[in-house]
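Asker: I'd like to ask some things about the structure below.
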Amino acid sequence: MSTTSPTPPGAAAARPPERPPTDDGRTGPAGPPKRRRPPTGAARENRAGLAFVTPTFLVVLVVVVLPILWTVLLAFQHARLVDIQGMSLFGDWTLDNVTGVFTSPGFWTSLWTTLLYTIGATAGSVVLGLVAALALRRPFRGRGLLRGSMLLPYVAPVVAVAFVWEIALSPQFGIVNEWGGTLLGWDDPIAFLSTRSFDVSLLGLHFDIPLALLTVVAFETWRYFPFAFLFLLARLQAVPDGLEEAAKVDGATHTQRFRYVLLPQLMPVIALLCVLRFIMTFNKFDDVYLLTGGGSGTDVVAVRVYDFLTARFDVGAAAAQALVLAAFLTVLLGVYFTFFAKKVQEEA
8 MSTTSPTPPG AAAARPPERP PTDDGRTGPA GPPKRRRPPT GAARENRAGL AFVTPTFLVV
68 LVVVVLPILW TVLLAFQHAR LVDIQGMSLF GDWTLDNVTG VFTSPGFWTS LWTTLLYTIG
128 ATAGSVVLGL VAALALRRPF RGRGLLRGSM LLPYVAPVVA VAFVWEIALS PQFGIVNEWG
188 GTLLGWDDPI AFLSTRSFDV SLLGLHFDIP LALLTVVAFE TWRYFPFAFL FLLARLQAVP
248 DGLEEAAKVD GATHTQRFRY VLLPQLMPVI ALLCVLRFIM TFNKFDDVYL LTGGGSGTDV
308 VAVRVYDFLT ARFDVGAAAA QALVLAAFLT VLLGVYFTFF AKKVQEEA
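Quick note: to get this note's numbering, add 7 to the position in the sequence shown (first position is 1).
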């Protein structure tokens, strides 16, 4: 005899209805569909950031990244200028271009010339910019006009200023040789831009100097010292006056105030300027080419790459030289950041 209690009336109606079976055959109690939570503030900020960054990323990708990748591909292929349109993206790979860079005549001399040119121009522009910033930091009548005139070499077109220097240094009708003959007693005019080596006698000693290279370094120093001048002047304006006043009260001289008060404040900016100017000058092409065309001992690597591209029409060799140049510059910067950057920050 069954002892099961009878189901009370209305109990079946109180049971919640079941959901229809899903794709995997599971069933469950029916309920309202889950609503998607609105995005949080951080998610909205991330989406807005991506929307703002995407156009810049696309521009950098098209203008910077893709040309670099194309240059790397060309450096390992036999690519001539007349054949480049019909070349496939991945042609016959070879290391001949890279090995040819190191074995080609004049490469190491050109690299050494580039280092001398870069170090001299970088140091000269930073030192001259520092001197100008120190000279114009105090208020005086006409200081604004003089500060504005300091920017003229940097903002003027390079073609115009290079032409002015060529005319001024010309051995036939240059004003520099005219002044040298009149004031300094030069017997013969000096061809500053076409003389590889010039004999100089000082205190009874005779030695040769690379005159054309030094002239190009002087031009680079004059043209880009306003870049350092702006950075250093801005940092000097932020130095508290109380530091110098306290040093003056303690009896510190001008040299001591510069050495122990101003220079530590300027060292991070000077280090940054040296890195930026080194990179820019190491890859510089237009200044040297406009002044000397790479002749008379001024054959820097950038001009050499241009000659390979235009004179020999060898795109692969030119790309390989550019790649080696970039790798060499990366190594130099890596050495700087590894051994000197932390030391500069600690001294500052």
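Beta carbons are placed, not taken as given, at the ideal position from N, Cα and C, and that holds for glycine. Quantities reported herein were computed from a predicted structural model and do not represent experimental measurements.
What is the DSSP secondary structure of glycine 17, reduced to helix, strand or coil?
Answerer: With a pLDDT of 49 at glycine 17, under the threshold of 50, the modelled position of that residue is not reliable, and the figure given next carries that caveat. Correct three-state label for glycine 17: coil.
Asker: Are the Cβ atoms of aspartate 321 and arginine 87 separated by less than 8 Å?
Answerer: Yes, they are a contact pair.
Asker: How is the beta strand (DSSP E) around isoleucine 216 delimited, first residue to last?
Answerer: Here the beta strand (DSSP E) through isoleucine 216 covers 212 to 216.
Asker: Using DSSP's beta-bridge definition, name the partner residues of glutamine 84.
Answerer: The partner list for glutamine 84 (beta bridge, DSSP) reads Trp100.
Asker: By Cβ distance below 6 Å, which residues in the same chain neighbour glycine 136 in space, the five residues on each side in sequence not counted?
Answerer: Hits under 6 Å: Phe232, Ala235, Phe236, Leu239.
Asker: Within this structure, are the beta carbons of leucine 81 and alanine 318 separated by less than 8 Å?
Answerer: Contact: no.
Asker: Taking buried to mean at least 16 other C-beta atoms within 10 Å of its own C-beta, is alanine 60 buried or exposed?
Answerer: The sequence shown places valine at residue 60, not alanine. Exposed is the call here.
Asker: When burial is assigned at 16 or more other CB atoms within 10 Å of the CB, is glutamine 356 buried or exposed?
Answerer: In the structure as shown, the chain begins at 8 and stops at 355. Residue 356 is therefore absent and cannot be evaluated.
Asker: Under 6 Å Cβ to Cβ from tryptophan 193, same chain only, skipping five residues before and after it: list those, please.
Answerer: Cβ neighbours of tryptophan 193 beyond the five flanking positions: Gly187.
Asker: State the Cα-Cα distance for the pair phenylalanine 199 and threonine 63, rounded to the nearest angstrom.
Answerer: Cα-Cα distance, rounded: 45 Å.
Asker: Inspect the beta-carbon positions of glutamate 227 and alanine 128 and report whether they are closer than 8 Å.
Answerer: Contact flag set, yes.
Asker: By DSSP's criteria, phenylalanine 205 is part of a beta bridge. Which residues make up the other side?
Answerer: BP columns for phenylalanine 205 point to Ile216.
Asker: Are the beta-carbon atoms of glycine 304 and alanine 169 separated by less than 8 Å?
Answerer: Result no, Cβ atoms of glycine 304 and alanine 169 do not sit closer than 8 Å.
Asker: Between the beta-carbon of threonine 125 and the beta-carbon of phenylalanine 335, is there less than 8 Å?
Answerer: Not closer than 8 Å, so no.
Asker: Taking only three categories from DSSP, how would you classify aspartate 294?
Answerer: DSSP places aspartate 294 in helix when its eight states are reduced to three.
Asker: Spatial neighbours of glutamine 244 within its chain, please: C-beta separation below 8 Å, excluding the five flanking residues on both sides.
Answerer: The residues are Arg144.
Asker: Report the three-state DSSP secondary structure of aspartate 248 (helix, strand or coil).
Answerer: Helix, per DSSP.
Asker: Can you give the Cα-Cα distance for threonine 299 and serine 201, rounded to whole angstroms?
Answerer: About 7 Å.
Asker: Determine the burial state of isoleucine 277: buried for a count of at least 16 other Cβ atoms within 10 Å of its Cβ, exposed for fewer.
Answerer: Burial call: buried.
Asker: Valine 268 and leucine 250 - do their beta-carbons sit closer together than 8 Å?
Answerer: Yes; because the gap between Cβ atoms is below 8 Å, this pair is in contact.
Asker: Using CA coordinates, which residue listed in Ser117, Ala58, Arg230, Leu176 is at the minimum distance from valine 312?
Answerer: The shortest Cα separation from valine 312 among Ser117, Ala58, Arg230, Leu176 belongs to Ser117.
Asker: Find out if the Cβ-Cβ distance for the pair leucine 102, phenylalanine 83 is shorter than 8 Å.
Answerer: In this structure, phenylalanine 83 lies closer than 8 Å to leucine 102 by Cβ.
Asker: Let me check understanding here. Comparing Cα to Cα, which of Gly302, Leu279, Val307, Leu280 lies closest to phenylalanine 292?
Answerer: When only C-alpha atoms are compared, the closest one is Val307.
Asker: Helix, strand or coil: how does DSSP classify aspartate 321 here?
Answerer: Aspartate 321: strand per DSSP, three-state reduction.
Asker: Pull up the distance between the alpha-carbon of alanine 309 and that of leucine 210, whole angstroms please.
Answerer: Computed Cα separation, rounded: 38 Å.
Asker: Measure how close the beta-carbons of valine 224 and phenylalanine 214 come, nearest whole angstrom, since I'm counting them as under 8 Å.
Answerer: Incorrect: roughly 17 Å between the Cβ atoms, too far for contact.
Asker: Please state the DSSP three-state secondary structure of alanine 163.
Answerer: The answer is coil: DSSP assigns alanine 163 none of H, G, I, E or B.
Asker: Terminal residues of the continuous alpha helix (DSSP H) containing leucine 190?
Answerer: Segment: none, leucine 190 is in no alpha helix (DSSP H) and carries neither H nor E.
Asker: Measuring only the C-alpha atoms, how far is arginine 203 from proline 271?
Answerer: Answer to the nearest angstrom: the Cα atoms are 40 Å apart.
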